[in-house]
Amino acid sequence: MKTRKKFTREAKITLLRELENGKSSAQVCRENGIHPSMLSKWKREYKENPVTAFSGNGNISKPEAKLAESGRLIGQLYAENAFLKKVLTSLEAKLQDHQKQREGN
1 MKTRKKFTRE AKITLLRELE NGKSSAQVCR ENGIHPSMLS KWKREYKENP VTAFSGNGNI
61 SKPEAKLAES GRLIGQLYAE NAFLKKVLTS LEAKLQDHQK QREGN
């Protein structure tokens, strides 16, 4: 009876990159002893969420968690920055209108 091979997260990503570089799924599977359905599952999992893909027990590593949190924080800060720019533009326009009204009187 064959024992099941275990692939690290990095090994799985390396195999998926081989596909991106032009190798066929059949070739990658044959060279690495992987069933085609397993490779398809890895592709789907990685496509859905590259950060949490292949986390094993559901926990992502500390560096990956920090990266994900940093990405979330960057997105939040970007949205806040865009909102504040809109508010600033609106207030500047109101201030200019107010100054024009004062100069007109």
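The opening residue of the sequence shown carries number 1 in the numbering used here; numbering runs sequentially from there. All C-beta atoms, glycine included, are put in the ideal place defined by N, C-alpha and C. Because the structure is a prediction, the values reported are computed rather than measured.
Residue i, buried or exposed, once every other Cβ within 10 Å from all chains shown has been counted against 16
{"i": "Phe94", "result": "In the sequence as presented, Phe is not what sits at residue 94; that position holds Lys. Exposed, by the Cβ-count rule."}
{"i": "Lys85", "result": "exposed"}
{"i": "Lys100", "result": "exposed"}
Rounded separation between residue i and residue j - CA only
{"i": "Glu10", "j": "Lys62", "result": "15 Å"}
{"i": "Val51", "j": "Glu64", "result": "7 Å"}
{"i": "Lys23", "j": "Asn49", "result": "22 Å"}
{"i": "Leu16", "j": "Lys41", "result": "11 Å"}
{"i": "Thr8", "j": "Leu67", "result": "19 Å"}
{"i": "Glu69", "j": "Glu45", "result": "20 Å"}
{"i": "Thr89", "j": "Glu103", "result": "21 Å"}
{"i": "Ser25", "j": "Lys47", "result": "16 Å"}
{"i": "Glu20", "j": "Gln27", "result": "13 Å"}
{"i": "Thr14", "j": "Lys5", "result": "16 Å"}
{"i": "Glu92", "j": "Arg72", "result": "30 Å"}
{"i": "Phe54", "j": "Lys43", "result": "10 Å"}
{"i": "Asn32", "j": "Val87", "result": "56 Å"}
{"i": "Arg30", "j": "Lys12", "result": "15 Å"}
{"i": "Glu18", "j": "Ile74", "result": "31 Å"}
Closer than 7 Å: residue i CB and nearest the ligand MN heavy atom
{"i": "Val28", "result": "By its list of ligands, the structure shown contains no ligand whatsoever, and the ligand MN lies outside what it can speak to."}
Could you tell me whether the region 31 to 45 touches the region 75 to 89, where touching means 3 or more Cβ pairs closer than 8 Å? no
Output the residue ranges of the alpha helix (DSSP H) runs that lie fully inside the region 29 to 60 and measure 4 residues or longer, sorted by chain position. 36 to 48
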